[in-house]
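Residue numbers (the working numbering), protein chains in the order written: chain A, 348 to 460; chain B, 955 to 1065. Using N, Cα and C, we set each Cβ at its ideal position, and we do this for glycine too. Since we're looking at a predicted model, the values are computed, not measured. See below for the structure under consideration.
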Amino acid sequence: DGGITQSPKYLFRKEGQNVTLSCEQNLNHDAMYWYRQDPGQGLRLIYYSQIVNDFQKGDIAEGYSVSREKKESFPLTVTSAQKNPTAFYLCATRTSGRTGELFFGEGSRLTVL
Amino acid sequence: QQQVKQSPQSLIVQKGGISIINCAYENTAFDYFPWYQQFPGKGPALLIAIRPDVSEKKEGRFTISFNKSAKQFSLHIMDSQPGDSATYFCAATPGTGKLIFGQGTTLQVKP
């Protein structure tokens, strides 16, 4: 089946630890995105990548890092520098064109204890 | 100027009623306005979208109304059903690949 797979679905982490969230897609889309969702704040863009080996910071990139070594994969690392990491993280891909549609994965919920 | 402001934050509607969610923007470079629907525990999915060269777009029970001069657009859900209970996000983009989302509206449709 074509789609976006995010893992893990739930993750608990102690303060001071880095954690990596996985995002894999088989839709053959060039563009991939990471959003953070918090209640009442909508979806905020962390990082995005329009092509392999290239990525740009979004609106809230501080404390996060990404890589794009393969078209299918766009992992997000939440570092210990992120002050408030507890959130729901969504990975998305986008079809080509100026008004391409975003397709989202089912998300990863990170809780920092 | 990059913001999209969405209201209300939450909405309760009786079955069969009309649900209305409003969004406003400042950036006149925005030229594509989608709405996404998200069920609990799932990622959002595209519901309906509009470009500013039309004032209204209808798909089934869902209608987007667009007012370019006021820089506002809204989602109307006619004959609302309990299965429509979800969080709805408006969004806008200037076509750069970055989509700016509103804050979201949680809709509850009571049977």
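Item, Value
"Residues from the region 979 to 997 of chain B in contact with chain A, defined by Cβ distance under 9 Å", "Asp985, Tyr986, Pro988, Tyr990, Gln992, Gly995, Lys996 and Gly997"
"Distance CB(Tyr411/A)-CB(Leu392/A) smaller than 8 Å", "no"
"Complete runs of the alpha helix (DSSP H) confined to the region 1008 to 1048 of chain B [at least 4 residues]", "none"
"Closer than 9 Å at the beta carbon, the chain B residues around Arg383/A", "Chain B residues near Arg383/A: none, gap ~11 Å exceeds 9 Å."
"Near-chain A residues of the region 995 to 1026 of chain B (beta-carbon distance less than 8 Å), N- to C-terminal order", "Gly995, Lys996, Gly997, Pro998, Ala999, Leu1000, Ala1003 and Arg1005"
"N- and C-terminal bounds of the beta strand (DSSP E) containing Tyr411/A", "Tyr411 to Val413"
"Beta-carbon spacing of Cys1044/B, Gln960/B below 8 Å", "yes"
"Same chain, Cβ closer than 6 Å to Gly389/A, neighbours up to 5 away in sequence not counted", "none"
"Bridge partners - Ser420/A, DSSP secondary structure assignment", "Glu371/A and Lys417/A"
"Distance CB(Glu419/A)-CB(Asn373/A) smaller than 8 Å", "yes"
"Assigned secondary structure, Ile972/B (DSSP; H/G/I helix, E/B strand, else coil)", "coil"
"The region 1047 to 1056 of chain B contacting the region 434 to 453 of chain A, beta-carbon criterion three pairs below 8 Å", "yes"
"Beta carbon proximity, Ala378/A to chain B, threshold 8 Å", "yes"
"Chain-ordered chain B contacts of Tyr395/A [CB-CB under 9 Å]", "Gly1051 and Lys1052"
"Cβ contact (3+ pairs, closer than 8 Å) linking the region 427 to 437 of chain A and the region 374 to 387 of chain A", "yes"
"Closest by C-alpha distance to Gln1062/B, when choosing among Ile1018/B, Val958/B, Gln957/B and Ile974/B", "Ile974/B"
"Among Lys361/A, Tyr395/A, Gln353/A and Gly454/A, nearest to Gln429/A - alpha-carbon criterion", "Lys361/A"
"Beta-bridge pairing of Thr352/A - partner residues as DSSP gives them", "Glu371/A"
"Same chain, Cβ closer than 6 Å to Pro1065/B, five either side skipped, listed in chain order", "Lys969 and Pro1036"
"Neighbouring residues, chain B, relative to Glu419/A (Cβ below 8 Å)", "Result: empty, since nearest Cβ-Cβ is about 18 Å, beyond 8 Å."
"Cα-Cα separation between Pro988/B and Gly363/A, rounded to whole angstroms", "38 Å"
"Chain A within 8 Å of Gly1037/B, Cβ atoms only", "no"
"Run of the beta strand (DSSP E) containing Gln960/B, from where it starts to where it stops", "Val958 to Ser961"
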